[in-house]
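Asks: Numbering (my numbering), first residue to last: 280 to 354.
Here a beta-carbon is modelled for each residue, glycine too, at the ideal position from N, C-alpha and C.
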């Protein structure tokens with residue numbers, strides 16, 4: 280994740296938010312205080328809205344992050 284964050288911080292943030300790996304730190308660093316945001320009950324649309332991007336952009340950044348992680352693991 281750290282290598283991904285160095286290359287593409289937005290994709291790293293999306294991956295963290297999607298999989299719950301330090302999602303509160305993402306919100307704190309971006310200085311986001313979503314009202315009534317519950318990570319457990321959130322959908323991709325809700326998470327995209329919290330980050331201020333469209334669902335399409337959210338999914339694209341998620342794919343980039345997933346591909347990067349898969350490449351790192353299998354290399």
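Can you look up residue 303 in the DSSP assignment and give me helix, strand or coil?
Replies: Of the three classes helix, strand and coil, the one that applies to residue 303 here is helix, per DSSP.
Asks: Under the rule that 16 or more other beta-carbon atoms within 10 Å means buried, what is residue 354, buried or exposed?
Replies: Flag for residue 354 reads exposed.
Asks: Quick check on DSSP: helix, strand or coil for residue 316?
Replies: Coil, per DSSP.
Asks: Can you list, in chain order, the residues of its chain with a C-beta nearer than 6 Å to that of residue 324? Leave out the 5 residues immediately preceding and following it.
Replies: The answer, listed in chain order, is 334.
Asks: Is residue 329 buried or exposed, if buried means 16 or more other CB atoms sit within 10 Å of its CB?
Replies: Buried.
Asks: Output the distance between the C-alpha atoms of residue 310 and residue 337, rounded to the nearest integer angstrom.
Replies: Taking the straight line joining both Cα atoms gives about 18 Å.
Asks: To the nearest whole angstrom, what separates the beta carbons of residue 295 and residue 305, a pair I think is in contact under 8 Å?
Replies: With a Cβ gap of about 5 Å, residue 295 and residue 305 count as contacting.
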